[in-house]
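Visitor: For the sequence shown, my numbering gives the first residue as 2, with consecutive numbering after it.
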Amino acid sequence: MHNGHPGSRSSEPYLDKNAILEALAIRPGQIIVDAGCGSGYMTRLFARALGGAGRVYAIDRTAPEISDDEETPASAVIYPLTADITTVIPLPSGFVDLIYLSNVFHIFSEDQVGGFNRQVRRLLKPGGRLAIVDLVKRPTPIGPPLDMRRSPQELQGLIDLAPAGLFEVGEYFYLQLFGKKD
Ligand SMILES: C[S@@+](CC[C@H](N)C(=O)[O-])C[C@H]1O[C@@H](n2cnc3c(N)ncnc32)[C@H](O)[C@@H]1O
C-alpha cells in the first residue's frame, strides 16, 4: 500500500475475502488468472475454492513466490508465471474463465490500460469474467492519491466489457465485475 501500512504491498488486511469469494462464485474446474498477484494470498483462496479441479495462474512482473499453505491442499492447481499483464500474458486465447485484478489498476498508465484490455479480451472465454478490486475514490487512511483512483463508473468507461455487478469488499475497497458476451 502507498501509506498507512509501511513495508507492505498487500491489500490483504483491508479486504473482506469472504465477500470477494462470494462475489466471484468460483466453481471447480475453472481457469482463473490472479493478475498482479503480489504475495498470492488470494491465489491460495481461489485454489481452495476450486477444490482441486481447475487452475489458478498467479502472474506478476516480479517472480511470484506463492508459499505453500497447510490450509490449501489444492496448491497443486497453482501455476506461478512471471509476465507483464499489460503486454503479453503467456496463455492461449479463449482459455480463461476469470481474471482477478486487485489493487493494481490504479498503477496503470493509459497505454497499460489499453494493453491490459487487449489481453483480457483475448484470454477470456465467451461468458468469462473480469473482477477489478480497487480503492474507493474518496479520502481513506491508506492508498494512493485520489487522482490515481478510478470510481467504478470511470472504470466502466475504460474497460471493453459489460458491467456485471458492483460489490463492497472492505471499508475502502470495491469489486467491479465485468462479463464478456462474445
Ligand atoms: C499493490 S500490489 C497488489 C498485490 C495484490 N494483488 C493485492 O491485492 O494485495 C501490485 C502488484 O501488481 C504487480 N504489477 C504492477 N504492474 C504490473 C504489470 N504491468 N504486470 C504484472 N504485474 C504488475 C506488482 O508487481 C505488485 O505485485
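All C-beta atoms, glycine included, are put in the ideal place defined by N, C-alpha and C. As the structure is a computational prediction, the values presented were derived from the model and not from experiment.
Express the C-alpha separation of F168 and F179 in angstroms, rounding to a whole number.
Guide: Approximately 12 Å, taken between the alpha carbons.
Visitor: Compute the minimum distance between the beta carbon of G39 and the heavy atoms of ligand 1, and state whether it is under 7 Å.
Guide: It does: the Cβ of G39 is within 7 Å (strictly closer) of some heavy atom of ligand 1.
Visitor: Return helix, strand or coil for Y15, following the three-state DSSP convention.
Guide: The answer is helix: DSSP assigns Y15 an H, G or I state.
Visitor: Look up S152 in the DSSP assignment and say whether it is helix, strand or coil.
Guide: Reduced to three states, the DSSP call for S152 is coil.
Visitor: For P93 and Y173, what's the separation of their Cα atoms in angstroms?
Guide: In a straight line, the C-alpha of P93 is about 35 Å away from that of Y173.
Visitor: Check each candidate in L51, Y58, L176 and name the one with the smallest Cα separation from F106.
Guide: Among L51, Y58, L176, the Cα nearest to that of F106 is on L176.
Visitor: Can you list, in chain order, the residues of its chain whose CB lies under 7 Å from that of A165, leaving out five sequence neighbours each side?
Guide: Within the same chain, A165 has close Cβ partners R130, L178, F179, G180.
Visitor: Counting only the same chain and skipping the five closest in sequence on each side, list residues whose C-beta sits under 8 Å from that of P127.
Guide: Cβ within range, chain order: G95, K181, K182, D183.
Visitor: Taking the alpha-carbon positions, what's the G53 to A77 distance?
Guide: Those two C-alpha atoms are separated by around 7 Å.
Visitor: Looking only at DSSP bridge pairs, what is F179 linked to?
Guide: Paired residues: L131, P164.
Visitor: Give the DSSP-derived three-state secondary structure of D112 in the structure shown.
Guide: DSSP places D112 in helix when its eight states are reduced to three.
Visitor: Going by C-alpha distance, which of S68, I33, R123 is nearest T87?
Guide: Comparing Cα-Cα distances from T87 to each of S68, I33, R123, the minimum goes to R123.
Visitor: Could you check whether D17 and Y101 sit closer than 8 Å to each other, using their CB atoms as the reference points?
Guide: No; because the gap between Cβ atoms is not below 8 Å, this pair is not in contact.
Visitor: Excluding the 5 residues flanking G41 on each side, which residues of the same chain have their C-beta closer than 8 Å to its C-beta?
Guide: Answer for G41: D35, A59, P65, E66, I67, S68, I79, P81, listed in chain order.
Visitor: Please state the DSSP three-state secondary structure of R56.
Guide: R56 falls in the strand class under three-state DSSP.
Visitor: Taking 7 Å as the line, does the beta carbon of I108 fall inside it for any heavy atom of ligand 3?
Guide: Within the structure as shown, ligand 3 is missing, the only ligands being ligand 1.
Visitor: Measure the CB-CB distance between K138 and R119 and report whether it falls below 8 Å.
Guide: No, the Cβ-Cβ distance between K138 and R119 is not below 8 Å.
Visitor: Where do the ends of the alpha helix (DSSP H) carrying T44 lie?
Guide: Start and end: 42-51.
Visitor: Quick one: is S110 buried, meaning 16 or more other Cβ sit within 10 Å of its Cβ, or exposed?
Guide: Burial call: exposed.
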